[in-house]
Amino acid sequence: MPEKREIYHLTVPEEMAGERLDSAVVKLVQMQTENGEISRTRVQNIIKEGFLLLDGKAGLPPRTRLTAGQTIDIDAPAPEITVKAEPEAIPLDVLFEDESILVVNKPAGMVVHPGAGNWSGTLVNAVLGREPDMNLMLEDDSEIDPLRPGIVHRLDKDTSGALIIAKTPRALRRLSKAFAEREVEKTYLAIVHGTPVPTSSVIKTAFGRHPVDRKKMAVLRQGEGKEAVTAYRVLKTGWRNGRKVSLIQVRLHTGRTHQIRVHMAHMGFPLLGEKLYNRGHAPDADRQMLHAWKLEIYHPETDEVMAFEAKPPADFIEAVDSIQDEKN
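Take a look at the structure:
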């Protein structure tokens, strides 16, 4: 059965010159398509996922100001119909909790929020099952996405580690602002093929949606996309299953989708278990060996600096322990 898609071809009229891209699209869909309707949150997600082109260009911020005559093309997978995320009794590894925030050690294999193909069993379902009062937050604030209540940042499905959830609208706004303005320190552990050279460095590139495969991200030519900055340091190197591998520590200075996976593959040192960006290496693991190890934030209510550390899961620890020294 063919995939259902949302397709719109829009032109910016004179009266919408100077408006934001996201809000203008909402109005244009309502004006120019029969019985058309699309939410601003949906438009922002479509932009973020690279399915909206403004004059043929993707990856522009939702706040981009428009000029008359510009063309807007949308070709996105249509969302499955759902009202909101439902509470589910799923256990969570809680690192910290108070009235404003919840910090968990997300297991590998768990999707952060409901979406196409993953309408249950997500972190959001688990949080709502644990925090039934968060449903009141949805009712009290119409700006909160009912499929992503409290979510201020994400980890890939197969990435484990520390993730913070806002429990109140105020915490959600303040944490979202902190992540957007890079006021959060995020440190990861990863196991990669080979030994990065130099053993400590900063990768800085242009970054954005792959120009051909829209499901992938990519390092782009200078001046395109957005800046992505990744700092890494080799902690351990040796042999595993007859192949050279290294345990590295990674600090993210920007938070682009798939940033660590793309940057390390671009340098020629893809993550063990990585399948989307791994070229020329056997995966050598059941999932990508990436763990969100440490998270440091300012508390959204007290402004106190808070640091959290998530213990790596058993499969990651076993992989690290299996790395044999050169002499062995």
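Position in the sequence shown counted from 1, then plus 1, gives you our numbering. Positions of the beta carbon are idealized from the N, C-alpha and C atoms, including for glycine.
Inspect the beta-carbon positions of Gly-1 and Arg-66 and report whether they are closer than 8 Å.
-> Outside the shown range of the chain (2 to 329) lies residue 1, about which nothing can therefore be said.
Where the beta strand (DSSP E) through Leu-296 begins and ends | One-based indexing of the sequence shown puts residue 296 at position 295. For Leu-296, the uninterrupted beta strand (DSSP E) segment begins and ends at 291-299.
Taking the C-alpha atoms as reference points, what is the distance between Ala-25 and Ala-69?
-> For the purposes of this step, residue 25 is taken as residue 24 along the sequence shown, with counting starting at 1. For the purposes of this step, residue 69 is taken as residue 68 along the sequence shown, with counting starting at 1. In this structure, the straight-line span from the alpha carbon of Ala-25 to that of Ala-69 is close to 11 Å.
If we call anything under 8 Å between Cβ atoms a contact, is Met-111 one with Lys-158?
-> The count along the sequence shown starts at 1 and reaches residue 111 at position 110. The count along the sequence shown starts at 1 and reaches residue 158 at position 157. By the CB criterion at 8 Å, Met-111 and Lys-158 fall inside the cutoff.
Return the CA-CA distance between Lys-107 and Arg-6, expressed in angstroms with no decimal places.
-> The residue given as residue 107 occupies position 106 in the sequence shown. The residue given as residue 6 occupies position 5 in the sequence shown. Pairing Lys-107 with Arg-6, the inter-Cα distance amounts to about 31 Å.
Enclosing alpha helix (DSSP H) for Gly-122 [first to last residue] = Residue mapping note: residue 122 aligns to position 121 of the sequence shown, counting from 1. It is not in any alpha helix (DSSP H) - Gly-122 carries neither H nor E in the DSSP assignment.
Have a look at the DSSP bridge pairing and note the partners of Val-44.
-> If you number the sequence shown from 1, residue 44 lands on position 43. For Val-44, which the question treats as bridged, DSSP gives no partner whatsoever.
Can you tell me the Cα-Cα spacing of Val-213 and Val-153, whole angstroms?
-> Taking the first residue of the sequence shown as 1, we reach residue 213 at position 212. Taking the first residue of the sequence shown as 1, we reach residue 153 at position 152. For Val-213 and Val-153, the distance between alpha carbons rounds to 29 Å.
Which word fits Glu-310, buried or exposed, when buried means at least 16 other C-beta atoms lie within 10 angstroms of its C-beta?
-> Your numbering for residue 310 matches position 309 in the sequence shown. Its Cβ having fewer than 16 others within 10 Å, Glu-310 is exposed.
Excluding the five sequence neighbours on either side, which residues of its own chain have a C-beta within less than 8 Å of the C-beta of Met-268, listed in chain order?
-> Along the sequence shown, read from residue 1 onward, the residue named residue 268 stands at position 267. A distance below 8 Å between beta-carbons, with the five flanking residues on each side excluded, links Met-268 to the following residues of its chain, in chain order: Pro-197, Ile-204.
Alpha-carbon to alpha-carbon, His-300 and Ala-179 = As a working note, residue 179 is residue 178 in the sequence shown. As a working note, residue 300 is residue 299 in the sequence shown. One C-alpha to the other measures close to 10 Å.
What separation, rounded to the nearest whole angstrom, lies between the Cα atoms of Glu-302 and Ala-266?
-> As a working mapping, residue 302 is identified with position 301 in the sequence shown. As a working mapping, residue 266 is identified with position 265 in the sequence shown. For Glu-302 and Ala-266, the distance between alpha carbons rounds to 39 Å.
For Pro-284, which residues from the same chain have a beta carbon less than 8 Å from its beta carbon, with the 5 sequence-adjacent residues on both sides left out?
-> The residue given as residue 284 occupies position 283 in the sequence shown. Here the set comprises Leu-273, Gly-274, Glu-275, Lys-276.
Cβ atoms of Pro-63 and Leu-22: under 8 Å apart, would you say?
-> For this step, residue 22 is matched to residue 21 along the sequence shown. For this step, residue 63 is matched to residue 62 along the sequence shown. In this structure, Pro-63 lies closer than 8 Å to Leu-22 by Cβ.
Please name the residue, chosen from Glu-132, Asp-56, Thr-160, Leu-54, that lies closest to Asp-287 on a Cα-to-Cα basis.
-> Taking the first residue of the sequence shown as position 1, residue 287 is located at position 286. Among Glu-132, Asp-56, Thr-160, Leu-54, the Cα nearest to that of Asp-287 is on Thr-160.
Is it buried or exposed for Lys-216, if we count other Cβ within 10 angstroms and need 16 for buried?
-> Residue mapping note: residue 216 aligns to position 215 of the sequence shown, counting from 1. That one is exposed.
Could you tell me whether the Cβ atoms of Ala-59 and Leu-156 are closer together than 8 Å?
-> On the sequence shown, residue 59 is found 58 positions in, with the first residue counted as 1. On the sequence shown, residue 156 is found 155 positions in, with the first residue counted as 1. A distance of 8 Å or more separates the beta carbons of Ala-59 and Leu-156.
When the Cα atoms are used, what is the spatial distance from Leu-291 to Arg-244?
-> Along the sequence shown, one-based indexing puts residue 291 at 290. Along the sequence shown, one-based indexing puts residue 244 at 243. One C-alpha to the other measures close to 18 Å.
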